[in-house]
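Engineer:
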Amino acid sequence: MESRDYLFKVLVIGNGHVGKTSLVHRYVNEKFNKNYKITVGVDFALKVLPWSDTQTVRLQLWDIAGQERFASMTRIYYREASGCIIMFDVTDACSFRGVRNWKDDLDAKATPPGGGPLPCILLANKSDLSPWELTQESIEEFSKANGFIGWMETSVKENKNINESINFLVEKMMMTM
Ligand code: GDP
Ligand code: MG
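For the sequence shown, UniProt numbering assigns the number 1 to the initial residue and increments by one for each residue that follows.
1) Quick check: what's the CA-CA separation for H17 versus E2?
2) Would you decide whether G19 is buried or exposed? Buried here means 16 or more other CB atoms lie within 10 Å of its CB.
3) Going by DSSP, which residues form a beta bridge with S155?
4) With a 10 Å radius around its C-beta and 16 neighbouring C-beta atoms as the bar for buried, classify S82 as buried or exposed.
5) Taking the runs of the beta strand (DSSP E) that are 3 residues or longer, which of them lie wholly in the segment 71-140?
6) At a cut-off of 7 Å, would you count A65 as near the ligand MG, judging by its Cβ distance to the nearest heavy atom?
7) DSSP three-state call for M173: helix, strand or coil?
8) Below 8 Å between beta carbons: does that hold for V90 and G14?
9) I'd like to know whether the C-beta atoms of F142 and C120 end up nearer to each other than 8 Å.
10) Roughly how many angstroms lie between the CA atoms of T111 and K9, to the nearest whole one?
11) Beta carbon of L134: closer than 7 Å to some heavy atom of the ligand MN?
12) What is the DSSP secondary structure of A65, reduced to helix, strand or coil?
13) In the DSSP output, what is I13 paired with across the bridge?
14) Closest by CA to D128, which one among M177, E68, K157?
15) To the nearest angstrom, how far is the alpha carbon of R79 from that of D5?
16) DSSP has R58 in a bridge; who is on the other side?
17) Report the partner residues of G150 according to the DSSP bridge assignment.
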């Protein structure tokens, strides 16, 4: 059987200090290449993910830096994205409120090739910390009401649900191919 490569551009957005850069570093590990600083305010890193005997997934993770306070990005950033990760910090309700702005910005500017919604996962990060400023019920309700493919509690620090959540997103992106 012939092997196939899939290249996905994945956006990593959310307020400042929620753990976006830590996530990309953790996930991509030593492959993170600081030299790929292409635009002011955006880093990107590549992760090669053997998906099956015949499929290889290449994930290009786009991490914003220093532009978080605007809760808005240029259309160029969103161009040709295949998926999105929106993160917040469970100990910071303000970062959770920010998620709505990010999702609105995404939905207004991202134009997935198939025309459907861009698969977007919500990550409730820093789950190792307490107290949480949000209940799991409120996150669940918000995730459903705002068109996320789902949400997961993660801890980049403790490496909890990092591979699991990104694999889940990849599954959804593969379904849109
Ligand atoms: P960014 O601004 O969204 O890119 O956030 P950073 O990745 O720079 O992380 C901000 C701070 O949160 C850093 O001090 C990280 O070490 C810390 N951090 C990130 N993820 C976690 C986590 O899961 N748990 C804890 N306790 N701290 C975290
Ligand atoms: Mg950062």
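Just so you know, even glycine gets a beta-carbon here, dropped at the ideal spot from N, CA and C.
Structural biologist: In short:
1) 43 Å
2) buried
3) K160
4) buried
5) 83-89, 120-125
6) yes
7) helix
8) no
9) no
10) 13 Å
11) Because the ligand MN does not appear in the structure shown, any question about it cannot be addressed here, the ligands present being the ligand GDP and the ligand MG.
12) coil
13) I86
14) K157
15) 20 Å
16) L7, V48
17) I121
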